[in-house]
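First the structure, in the form of structure tokens, and then the observations on it.
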Amino acid sequence: MKCFIVTFGCQTNEADSERIAAFLDKKGYSITLNQNEADLFVVNMCSVRQSAVDRVFGIIQKIKKIKSENPRVKTILTGCILNKDKNKFKEFFDEIVDKKYYLKYSPKYQSKSEALIPISNGCNNFCSYCAVPYVRGPLICIDHKKILKEVKRVAQKGFKEVWLLGQNVNDYTSPSNSIVNFPKLLKMAGKIPGDFKIRFTSPHPKNFSNELIDVMANSDKIAKYINLPVQSGDDSILKKMNRKYTVKQYKDLVKRIRKGVPEINLSTDVIIGFPGETKKQFENTAKLFKEISFNIAYINKYSPRPGTLASKMADNVPWEEKKRREKVLIKLCLAKK
Ligand code: SF4
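Below, the structure written as structure tokens:
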């Protein structure tokens, strides 16, 4: 029997799909990359961004067509699903499956060189625009011994890149030993023998410690790359986003990182057109972009996610204006190249 898996959303969801593949393997399914030969169609969805939710509708049309040609094809929906989306989609799938059924499985990696290893699930931060705390639930950290065992296993198999994944890696504490925070976990992972690099995502700027900067500076195994999501360059917007840092604190952190790890590559995530964002407030973000000169920026035009605090605020920046602001930031990024 063959199964086709479609994954939406972030790297954590991609890592979950590798656990779905392992779970299905035990049930006698092999993974196919050809959707036309699948007996089972699994959609691992993401409710975090509206664009990902919209794309599920595109897949549903495809599934309907496949089912009309072969009614025995089974369909499963899983992943990060808001209750509202669950109700919307349930009529199109044979089953909706909760993550708890497959997250305990050791992954069946899709890549032979890159291993995605979650260090935690969920998040307690409640940034006002973000649906993760609602769809993934509260933060649950995975035991450091289990993580290190997995890093060792993939290193021995010859993987070249290991990604440690958490919604905010800086919130990590091992459940079996509270001394083991994220920098200590990273340091231990960096001591595992093998020809591989370690990357991680994402660290929240509000609790990025000097200890983490030291660990990065002192290990050749850790890639000199950080995705440090700024989200806005304006203090009052950051406050409305519940990000718990100011622009000055963010800039000081970048200075500390660049001093400690001079060869660092910095990327960021930014949201433009957050509810109530004025032209002046956006200009503050553009100013920050000029000052920091990120290597890469992931620019997201704001769209509300149901259930979040921000979704109760008026989404009052017109789409055309969001597109204009996006172009301004893209231009600034290109000017640095
Ligand atoms: S830290 Fe904020 S943006 Fe990141 S997952 Fe948690 S709530 Fe969402």
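Take the sequence shown: its letters are residues 4 to 340, numbered as in our numbering.
Backbone N, C-alpha and C fix where the C-beta goes; we use that ideal spot for every residue, glycine too.
| request: Please determine, among S181, T249, L215 and E266, the residue with the shortest C-alpha to C-alpha distance to L291. | output: T249
| field | C-beta atoms of R202 and Y175 nearer than 8 Å | value | no
| task | Taking only heavy atoms of the ligand SF4 into account, decide whether any of them is closer than 7 Å to the Cβ of V135. | result | yes
| request: Tell me whether Q284 counts as near the ligand SF4, meaning its Cβ is closer than 7 Å to at least one heavy atom of that ligand. | output: no
| Among Y108, K330 and G276, which one has its Cα closest to the Cα of W379? | No information on residue 379 is available, as it lies outside the stretch 4 to 340 that the chain covers here.
| Does any heavy atom of the ligand SF4 sit closer than 7 Å to the C-beta of H207? | yes
| field | Cβ distance (whole Å) where G193 is taken to contact I225 below 8 Å | value | 6 Å
| field | Whether P136 touches F129 by CB criterion (8 Å) | value | yes
| said: Short of 8 Å in beta carbon distance, which residues of its chain neighbour K200, apart from the five on each side in sequence? Order them along the chain. | reply: K163, E164, V165, K224, I225 and A226
| message | Whole angstroms are fine: how far does the CA of E294 sit from the CA of S33? | response | 50 Å
| Under a Cβ-count criterion, where at least 16 other Cβ atoms within 10 Å of its own Cβ denotes burial, should T10 be classed as buried or exposed? | buried
| field | First through last residue of the alpha helix (DSSP H) which encompasses G61 | value | Q53 to E72
| message | Per DSSP, what are the beta-bridge partners of Q234 in this structure? | response | V273
| query | If we call anything under 8 Å between Cβ atoms a contact, is S116 one with L142? | reply | no
| field | the region 277–291 touching the region 94–107, judged by at least three CB pairs closer than 8 Å | value | no
| said: Mapping the DSSP letters down to three states, classify I122 as helix, strand or coil. | reply: coil
| query | Where do the N-terminal and C-terminal ends of the beta strand (DSSP E) with Y305 fall, by residue? | reply | Counting along the chain, Y305 falls outside any beta strand (DSSP E), and DSSP gives it neither H nor E.
| field | Rounded straight-line distance, which links the Cα of T204 to that of F211 | value | 12 Å
| query | Can the beta-carbon of V172 be found closer than 8 Å to that of A118? | reply | no
| query | Is it true that the CB of N47 sits closer than 8 Å to the CB of T81? | reply | yes
| First and last residue of the beta strand (DSSP E) that includes N16? | It is not in any beta strand (DSSP E) - N16 instead sits in the alpha helix (DSSP H) that spans Q14 to K29.
| field | Cβ-Cβ distance between V76 and A24 below 8 Å | value | no
| What did DSSP end up calling N268 once you bin it into helix, strand or coil? | strand
| request: Check whether the Cβ of Q170 lies closer than 7 Å to any heavy atom of the ligand SF4, and answer yes or no. | output: yes
| request: Look up Y228 in the DSSP assignment and give the residues it is bridged to. | output: N268
| Within the present structure, is the beta-carbon of F211 separated from the nearest heavy atom of the ligand SF4 by less than 7 Å? | no
| query | Hey, is the region 300–311 in contact with the region 257–269, meaning 3+ C-beta pairs nearer than 8 Å? | reply | no
| query | Would you say K190 and V218 are within 8 Å of each other, going by their C-beta atoms? | reply | yes
| query | Looking only at C-alpha atoms, which of I302, K103, N213 and C13 sits nearest to L332? | reply | I302
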